Amino acid sequence: MMDQIKIEAPAKINLTLKVVAKRLDGYHDLETVMQQIDLCDEIIIESVDEGIEVNSNNSEVPVAEANLAFKAARLLCERIGVTRGFRIFIDKKIPLGAGLAGGSTDAAAVLRGLNQILDFPLDLQTLLELGLQVGSDVPFCIVGGTALARGRGEILESLSLGPHLELVLVNPPLQISTAEVYHDLKLAELNDQPDNGAFLEAWYRCDIIGLAAHMKNDLETVSVVKYPGISEIKDRLVSLGALGTFMSGSGPSVIGIFGNRQMASKAWQTIKEVYQESFLVSSYIKDKGGIINA
Ligand code: C5P
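Residue numbers (this note's numbering): 10 to 303.
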């Protein structure tokens with residue numbers, strides 16, 4: 010058994026997010042295209058004698074039950090009946106509470122990393138089941154890449170052969186509660202929902218302009234109305250040459266898609282003067298499954 014593992018945990022954005030129905034269990038059925046981007050936390054897991062301990066370079070990251078990585082580690086250890094302990098360090102680079110699945114991707118990295126440290130006692134299906142108990146976005150973060158997700162987000166169809174995306178991501182200083190956004194959503198009043206069929210056609214044609222036209226998120230009807238700062242960022246990104254803009258998850262992160270890296274970089278240079286948390290990002294390329302050392 011290895012003693013330590015370092016693993017990348019990439020952020021997730023929703024290229025489209027269509028809310029299909031409210032379920033009896035309080036969640037919503039979605040149809041959403043999820044994409045990993047190359048803005049990553051780094052997770053180091055060390056094997057210790059006993060207990061689960063979580064630390065981070067960012068003091069705002071919770072360190073016990075409220076931390077999804079902690080929850081994931083506890084669930085996995087209980088499932089396998091592990092008697093030893095693990096020390097987990099989260100080097101946080103993904104903004105918190107931004108609609109980027111930062112906590113979920115850390116949890117996914119911990120599930121994959123612990124499974125590897127322990128010599129693969131669990132199959133992928135079981136890891137995905139444990140992940141869903143931690144949060145709706147965790148199964149996608151385990152599978153990674155680009156996927157069309159249904160249900161709560163756990164029914165995943167991986168999309169291959171699509172275009173490489175050049176993006177500028179802006180996270181305004183707003184705290185948005187995902188539960189509150191879903192609660193305030195007026196499903197019956199949605200009349201211009203994302204057309205995932207058209208999005209997928211553009212995806213497989215690698216047609217960036219077509220994609221940009223179909224990047225849309227139903228949750229914007231709540232977050233953009235409540236926080237006008239989000240539309241200001243969208244307008245600014247368009248004036249800087251974005252082909253399309255969209256909010257990720259329940260927000261508040263906003264993303265602009267650009268025709269190439271050079272155009273994205275130019276826009277980023279300008280917008281980061283106004284919004285401190287701005288990032289020049291691309292699609293995440295899965296390399297060695299994100300394991301940095303083994
Ligand atoms: O699963 P997760 O803990 O990330 O979800 C946070 C909240 O977002 C849930 O409590 C629920 O209110 C809402 N949600 C939803 N439908 C989804 C995902 C999340 O209603 N598919």
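Where a beta carbon is used, it is the ideal one built from N, C-alpha and C, also for glycine. Because the structure is a prediction, the values reported are computed rather than measured.
(1) Taking the beta carbon of PHE129 as the centre, do at least 16 other beta carbons fall within 10 Å, making it buried, or is it exposed?
(2) Give the secondary structure of ALA110 by DSSP, where H, G and I count as helix, E and B as strand, and everything else as coil.
(3) If the criterion is Cβ atoms closer than 7 angstroms, does the pair SER113 and CYS150 meet it?
(4) Report the option in LEU141, PRO181 and ALA20 whose CA atom is closest to the CA atom of LEU165.
(5) Identify the continuous alpha helix (DSSP H) that holds HIS37 and give its terminal residues.
(6) Hey, is GLY106 close to ligand 1, as in C-beta under 6 angstroms from one of its heavy atoms?
(7) Is it true that the CB of PRO172 sits closer than 7 angstroms to the CB of ILE217?
(8) For ligand 1, is there a heavy atom less than 6 angstroms away from the beta-carbon of TYR191?
(9) Given a cut-off of 7 angstroms on the beta-carbon distance, is the pair VAL179 and ILE242 in contact?
(10) According to DSSP, is ASP100 part of a helix, a strand, or is it coil?
(11) Unbroken beta strand (DSSP E) runs of length 3 or more, entirely within the segment 147–206: which are they?
(12) Just to confirm my understanding: we take SER65, look at its own chain, exclude 5 residues before and 5 after, and list those with CB closer than 8 angstroms. What are they?
(13) Assign GLU17 to one of three DSSP states: helix, strand, or coil.
(14) Just to confirm the assignment, what range does the beta strand (DSSP E) spanning LEU294 have?
Reading from the atomic positions:
(1) exposed
(2) coil
(3) yes
(4) LEU141
(5) No alpha helix (DSSP H) holds HIS37; the beta strand (DSSP E) holding it covers 37–57.
(6) no
(7) yes
(8) yes
(9) yes
(10) strand
(11) 155–160, 164–167 and 175–179
(12) VAL72, PHE98, ILE99, ASP100 and LYS101
(13) strand
(14) The sequence shown places Ile at residue 294, rather than the Leu named in the question. No beta strand (DSSP E) holds ILE294; DSSP gives it neither H nor E.
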